[in-house]
Amino acid sequence: MAEVRFNIYRLNPETGGDGRFQEYKVECEKGDTVLDCLNKIKGEQDGTVTYRMSCRSAICGSCAMRICGHTRLACSTQVSGLLEIYEEITLEPLQNFPVIKDLVVDMKAYWEKIEAIMPYMVPDAGEPVPEKERLQSPEQFDTVFEVATCIRCSACVSDCTSLEADDKFLAPAALAKSFRFAGDSRDAADKERLTELVKEGGIWDCVRCYECTQVCPKDVRPAEHIIQLREKALNNQMEKSVGARHVLGFMESVGHSGQLDEGKLPMFAVKNIGAKISMVPIGIKMFLKGKLPLKHKPIPGAEDVQRIYKKLEGE
Amino acid sequence: MAMEEEVFSHDLLIVGAGLAGMRAAIAAGEGLDVAIVSKLHPVRSHSGAAQGGIAASLGNSDEEDSWETHMFDTVKGSDYLGDQDAIEMMVKDAPGVIYELEHMGCVFTRMDDGRVAQRRFGGHSKPRACFAADWTGHTILQVLYEQIMKRRVRVYEEWYMVSLIVRDNVCRGIVAYDIDQGKLCVIRAKAVLFATGGYGRAFKITSNAHANSGDGIIATYRAGIPLEDMEFVQFHPTGLWRQGILVSEGARGEGAYILNNDGERFMTNYAPEMMELAPRDLTSRAIQTEINEGRGIGGQDYVYIDLRHLGKERILERLPQIHDLAYDFTGVDCFEEPIPIQPTAHYSMGGIPCTMEGQVTCDPGNTPIKGFFAAGECSCVSVHGANRLGTNSLLEAVVFGRRAGTAASEYAKGEVLPELPDDANQPAREEIEWVLNNQGSESVMAIKDDLQTSMMENCGIFRTEEQLKSQLATISKLRERFSKVKIDDKGRRFNTDLIGALELSRLLEFSDIIVTGAVARQECRGSHYRTDHPKRDDENWLKHTLAYRTDDGPRLEYKPVTITTYQPEERKY
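These protein sequence lines map, in sequence, to chains A and B.
The number in the working numbering is simply the position in the first sequence, starting from 1, with 456 added.
The number in the working numbering is simply the position in the second sequence, starting from 1, with 43 added.
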């Protein structure tokens, strides 16, 4: 192929200081992946360049890193594909993690969050353990199989915008892992799991930007599974959190008048008097800017919307 | 670099966190201080790359299946080198361990009636591979790690085990290097259990992870314990061309064809009955023969595996990972085109000699090394003999991980912490200091590359005395070059340059053992095919090799094969 320029983030914990970028030129062949090139750089030019890798077949999840600004697996990313878009290849460590050295990050917080979601199946303690397998239909298998293929590479966590704003957020990997059990017909701990998940930092703190689903190298679709968990929470009458009330308020408003009552929604979502009062100044500001319609009117044809709601409720 | 020393202690210390290691930790149960040391985070272990299935005669897809049939298939597949008492134990345990995994929450592809689905696999006469699409190893690995988290087992993550401490036939612990902190530590234990995986990384084209560098096998060998049947290396028939990445046998289990340049299903000439589902040794030789005789695609070194007739829906349901790997690594859309494949070094039949309870032994009379256990691919029980059947490796890891974990914890309960010798960490400390300070001109990558290329050429699917002897000379030269190795990274924190050099030293050492065993064994058996001795020779070679470390290279002894039920006969498929 040709000589390709790599720009690699370097940080040496022993000398300290801020990270910097270092440039390497690599002779690439057709079919070379980013990991192949990293191995060439390490083996032929600079043995101090540090990164994690193992299986080189997109299953162990070791080599996720930011490649030209997007989090991907180095082992399954073809250099030729990148060169169709980029002139040089920039490699940086995952975001939302402390860096240990070069492209290696500290995953401690990641695993603590996984451990926090009761990450194992809890069968019904009242049921005797069967002699053979527990039965599960092909559809029940399908429900959890997708999320069971998560390789824990952390690409979703690296690109999570909610986590960027709030490091208490459990983040997509742990939440999707939670659905791995909550969605499993053999698990009986829905109530316990969901009770934890509706708290601060849980399922309602996702802003649904879908970065996680977009970036996942295994198409696990964490965002979709977070939504499935929300549905489960609502179906279990866990409606007290701001997020749940936001959804319910939204639904009610649209169901009533065919459009959102923007003035009422925040007041409905937040139950606590103190919190309601704390929203007054922003409400006044919104009003002065003309963003707070005082009169909320049904749209023409609101009855049709109501009929749709009735039909859906019937189902 | 000054090296601090810290000493930890545990009742049972497990090295390696793949299926065998984690299953062992779970088997150890309550009331025992168990810890795991692993060079990778447990979920990064290479067990996760296993795709197609795990064998057990559940009889879900075919009621006629039985442990007896599974046993016979395995014995025949092993080319009669497998120990039949151990094989019997494994296949009898099989259904139970599958149900245990299922009860822990493992996902399995299901039949319409809700039972675990089973499909066909090479060398098995019945459909007995339980699977989760083509993600079987991954899903089991995840569920075992879930149980490790639940039990709060201490895991020393990203610690590299450098050496094993054995004195007077009693194992006393290990010396390990904390990769992140760059600290050398002694970990004392009443019992040590190795589950450190295989040694396929000696070869250029391999399905193995970079991490599969035989660390446990070599630590054992350097501690004075022999290694068994190391000459037997399995080549999987279908690795992605040039990459070696696994294309599961599950693909052929679902009905995929293998085709040569003439579009011919050439397996008809090699295994007319089982066709593509012949055992791996035979199928890999068939593919290599086609390639060698010029019938590779366009005369090149690959043939095709064709999934197209299975249809998109079946591929997405049963083989989704194969679809993605073919696309991402070779650019082939397997709905529309056949996938280019070649045989790839895949599985290590040989390893650390041990009993059915994982007790490591050190001579033909099976004298035990007290407190030292092994399970999984690093061990040689031997249930695979000269050739492993597909889906029997995950089974072995779980069955013998469990058995060895139980035996090791029983042993530990009755022991006090063994005394450490004064110089316990000396070999490890000296080795690391040597690598860090050596002033040479040779690079790790160049030596490794030459080793892997030459092993592929001279010690691959077909072997001759001439090639093997020249390979011994090559390895000796490479080891000479390694004595002049120089690494760039002299730092303490996360020094993967250092780890790479340590791994290479192990690759060089076990390659020497593989080739030495292969030169001596003048016959064809399973994966070991000598074109200059083209017949199996039961009279002289129906025996296990034991390789001992000496200053002049490996010294070989032999021990008998356990035959209980099935007398050796000619293998036909």
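Glycine included, each C-beta is placed from N, C-alpha and C at the ideal position.
Which of helix, strand or coil DSSP assigns to residue i
i	result
Arg476(A)	strand
Val290(B)	coil
Glu200(B)	strand
Glu453(B)	helix
Pro386(B)	strand
Leu236(B)	strand
Arg361(B)	helix
Gln592(A)	coil
Asp492(B)	helix
Pro411(B)	strand
Tyr666(A)	coil
Met521(A)	strand
Ala45(B)	Below a pLDDT of 50, predicted positions are generally treated as unreliable, and Ala45(B), at 43, falls in that range; no measurement from the model is reported.
Phe416(B)	strand
Contacting residues, own chain, Cβ-Cβ under 7 Å from residue i (five flanking each side not counted)
i	result
Asn468(A)	Lys557
Ala45(B)	At Ala45(B) the pLDDT is 43, less than 50, meaning the model places this residue with poor confidence; the figure from the coordinates comes in the next sentence. Cβ neighbours of Ala45(B) beyond the five flanking positions: none.
Ser121(B)	His427, Gly428, Ala429, Asn430 and Gly569
Cys609(A)	Gly517, Ala520, Leu529 and Pro673
Glu297(B)	Arg162, Leu353, Arg357, Arg361 and Leu362
Leu619(A)	Asn552, Val613, Phe625 and Ala627
Glu316(B)	Tyr616
Phe724(A)	Arg701 and Gly705
Arg181(B)	The sequence given here has His at residue 181(B), not Arg. Answer for His181(B): Gly91, listed in chain order.
Asp116(B)	Gly166, His167, Ser168 and Leu432
Lys688(A)	Ala638, Asp646 and Leu650
N- and C-terminal bounds of the alpha helix (DSSP H) containing residue i
i	result
Asn495(A)	Val490 to Lys496
Leu515(B)	Glu508 to Phe525
Met133(B)	Gln127 to Met147
Cys214(B)	Run containing Cys214(B): none in the alpha helix (DSSP H); it sits in the beta strand (DSSP E), Val213 to Asp221.
Arg171(B)	Here Arg171(B) belongs to no alpha helix (DSSP H), and DSSP marks it neither H nor E.
Phe635(A)	Ala627 to Ala638
Arg472(B)	Gln469 to Asn480
Val703(A)	Val698 to Ser713
Distance between beta carbons of residue j and residue i, contact taken as under 8 Å
i	j	result
Leu541(B)	Ala563(B)	No, Leu541(B) and Ala563(B) are not in contact; Cβ-Cβ is about 35 Å, not under 8 Å.
Phe275(B)	Gly393(B)	5 Å
Ala644(A)	Val578(A)	6 Å
Ile301(B)	Ile365(B)	Not a contact, Cβ separation roughly 14 Å.
Ile395(B)	Leu270(B)	7 Å
Ala611(A)	Leu368(B)	Contact flag wrong, Cβ pair sits at about 18 Å.
Neighbourhood of residue i by C-beta, 6 Å cutoff - its chain only, sequence neighbours within 5 removed
i	result
Ala137(B)	Ala99 and Leu438
Ala679(A)	Tyr666, Cys668 and Thr669
Gly475(A)	Tyr465 and Leu467
Gln286(B)	Phe372
Leu721(A)	Gly705
Arg197(B)	Ala78
Thr326(B)	Pro280
Ala714(A)	For the record, residue 714(A) in the displayed sequence is Gly; it is not Ala. Correct list, in chain order: Pro754, Ile755, Ala758 and Val761.
Leu101(B)	Pro138
Option nearest residue i by Cα separation, candidates the options
i	options	result
Glu400(B)	Lys615(B), Ile382(B) and Leu236(B)	Leu236(B)
Glu474(B)	Ala219(B), Glu143(B), Phe164(B) and Met114(B)	Ala219(B)
His389(B)	Gly374(B), Asp349(B), Ser436(B) and Ser422(B)	Ser436(B)
Glu333(B)	Pro381(B), Arg295(B), Gln385(B) and Leu283(B)	Gln385(B)
Val558(B)	Arg265(B), Met499(B), Cys423(B) and Arg535(B)	Met499(B)
Thr410(B)	Trp584(B), Asn212(B) and Asp595(B)	Asn212(B)
Asp580(B)	Tyr609(B), Glu613(B) and Ser554(B)	Glu613(B)
His702(A)	Glu718(A), Ala514(A) and His712(A)	Glu718(A)
Asn637(B)	Gly534(B), Leu359(B), Leu432(B) and Lys456(B)	With chain B covering 44 to 616 only, the question about residue 637(B) has no answer from this structure.
Ser697(A)	Val710(A), Glu656(A) and Leu685(A)	Glu656(A)
Ala321(B)	Ala266(B), Ala450(B), Lys119(B) and Asn304(B)	Lys119(B)
Lys413(B)	Glu49(B), Val50(B) and Leu55(B)	Leu55(B)
Residues near residue i in its chain [Cβ-Cβ closer than 8 Å; skip 5 each side]
i	result
Glu485(B)	Arg524, Phe525, Lys527, Val528 and Lys529
Leu551(B)	Ile490, Leu494, Ile518, Leu521, Arg522 and Phe525
Glu459(A)	Lys481, Val482, Glu483 and Cys484
Span of the beta strand (DSSP E) around residue i
i	result
Ile348(B)	Val346 to Asp349
Phe278(B)	Val276 to Leu283
Gly72(B)	That residue, Gly72(B), is in no beta strand (DSSP E); it is neither H nor E in DSSP.
Thr527(A)	His526 to Leu529
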